[in-house]
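Student: Supplied in structure tokens, the structure appears directly below.
Residue numbers (the numbering used here): 96 to 357.
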């Protein structure tokens, strides 16, 4: 089975630099980490590979520094890592990003199963996974909280829609987006880290992709535009209430009522 996991590096801090001209996050040179939701996706892929055999390929779109994330995925057990990186991809919204990732998957060969995390902590749209499936014209399931069964032909999952739980079965090829707590991601292996230290990470540019219509990529291919984006001002104030416990409680209640919180 050929399994793809779409992963992303996100800012490791809430204090990020923003390009005032484009409104985009400045990702190069920033402290970054693997999107937490994507670790659950990778763990699910590794467990499925252990059961059915096959390979796990990690795919990401981003700057060259994303290789650090790929190396971490290798140390967890991923077989291959690919970075889609090109200045033409800059400024991509959900539509352009998902299209670029879908083209990367087409380039790498037919996927049986694509697994994505529910969302990213920097965008929070939860749309990339389903959008990739639509570009590839394959079925997909979102909000997956458990994988009930999987074999060489199909996968059965439990989806959590808040007030409703649904069990779905799909034949391959298909895509799923998994929620947090679906499993516990394994820790990186020091042995695998050493064994894969020289393992190559494939770099894919715009010119490598099967379809080279510039109107589908980057800022040009993004129908949504950021009007303004800025970091919120940090406003921290402390209030100390004196007196015995009863007096403090009365004072707090009075303040909350004055501010119409209660």
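Glycine included, C-beta positions come from ideal geometry on N, C-alpha and C.
Owing to the predicted nature of the structure, the values given are computational and were not obtained by experimental measurement.
What is the rounded straight-line gap between the Cα of residue 150 and the Cα of residue 355?
Tutor: Start at 1 with the first residue of the chain shown, and residue 150 comes out as number 55. Start at 1 with the first residue of the chain shown, and residue 355 comes out as number 260. Approximately 57 Å between the Cα atoms of the pair.
Student: Short check: CB of residue 194 to CB of residue 311, under 7 Å?
Tutor: On the chain shown, residue 194 is found 99 positions in, with the first residue counted as 1. On the chain shown, residue 311 is found 216 positions in, with the first residue counted as 1. Yes, the Cβ-Cβ distance between residue 194 and residue 311 is below 7 Å.
Student: Identify every residue that forms a DSSP beta bridge with residue 235.
Tutor: Translated into the one-based positions of the chain shown, residue 235 becomes position 140. Per DSSP, 270.
Student: Roughly how many angstroms lie between the CA atoms of residue 248 and residue 329, to the nearest whole one?
Tutor: In the chain shown, the residue the question calls residue 248 occupies position 153. In the chain shown, the residue the question calls residue 329 occupies position 234. Cα to Cα, residue 248 sits roughly 52 Å from residue 329.
Student: For residue 159, which three-state DSSP category applies?
Tutor: Locating residue 159 in the chain shown gives position 64, counting from the first residue. Helix at residue 159.
Student: Could you tell me the alpha carbon to alpha carbon distance between residue 178 and residue 246, rounded to whole angstroms?
Tutor: As a position in the chain shown, residue 178 is number 83, starting the count at 1. As a position in the chain shown, residue 246 is number 151, starting the count at 1. Taking the straight line from one Cα to the other gives about 29 Å.
Student: Can you look up residue 165 in the DSSP assignment and give me helix, strand or coil?
Tutor: Along the chain shown, one-based indexing puts residue 165 at 70. Reduced to three states, the DSSP call for residue 165 is helix.
Student: Here's the rule: buried if 16 or more other CB atoms are within 10 angstroms of the residue's CB, otherwise exposed. What is residue 264?
Tutor: As a working note, residue 264 is residue 169 in the chain shown. Answer is exposed; the Cβ neighbour count stays below 16.
Student: Following the continuous beta strand (DSSP E) through residue 382, name the residue where it begins and the one where it ends.
Tutor: Only positions 96 to 357 of the chain appear in the structure, and residue 382 is not among them; the question remains open.
Student: Across which residues does DSSP place residue 212 in a beta bridge pair?
Tutor: Taking the first residue of the chain shown as 1, we reach residue 212 at position 117. Its beta-bridge partners are 273.
Student: Residue 100 and residue 210: beta carbons closer than 7 Å?
Tutor: Translated into positions along the chain shown, residue 100 becomes position 5. Translated into positions along the chain shown, residue 210 becomes position 115. Contact flag set, yes.
Student: Could you give the first and the last residue of the continuous alpha helix (DSSP H) run that contains residue 178?
Tutor: The residue given as residue 178 occupies position 83 in the chain shown. Residue 178 -> not in any alpha helix (DSSP H); beta strand (DSSP E) instead, spanning 175-179.
Student: Could you tell me whether the stretch 206-221 touches the stretch 329-344, where touching means 3 or more Cβ pairs closer than 8 Å?
Tutor: Contact fails: fewer than three Cβ-Cβ distances are below 8 Å.
Student: Suppose the cutoff is 6 Å on Cβ atoms and the five residues either side in sequence are ignored; what does the same chain contact list for residue 154 look like?
Tutor: One-based indexing of the chain shown puts residue 154 at position 59. Taken in chain order, the residues that qualify are 99, 101, 177, 199.
Student: Please look up how many angstroms separate the CB atoms of residue 186 and residue 314, rounded, as I've assumed it's under 8 Å.
Tutor: As a working mapping, residue 186 is identified with position 91 in the chain shown. As a working mapping, residue 314 is identified with position 219 in the chain shown. Their Cβ separation, rounded to whole angstroms, is 3 Å, which keeps residue 186 and residue 314 in contact under 8 Å.
Student: Hey, could you find the ends of the alpha helix (DSSP H) residue 146 is sitting in?
Tutor: Residue 146 sits at position 51 when you count from the first residue of the chain shown. Counting along the chain, the alpha helix (DSSP H) containing residue 146 begins and ends at 131-147.
Student: Sorted by chain position, which residues of the same chain lie with C-beta nearer than 8 Å to residue 244's C-beta, five sequence neighbours on each side aside?
Tutor: Counted from its first residue, the chain shown places residue 244 at position 149. Cβ neighbours of residue 244 beyond the five flanking positions: 250, 251.
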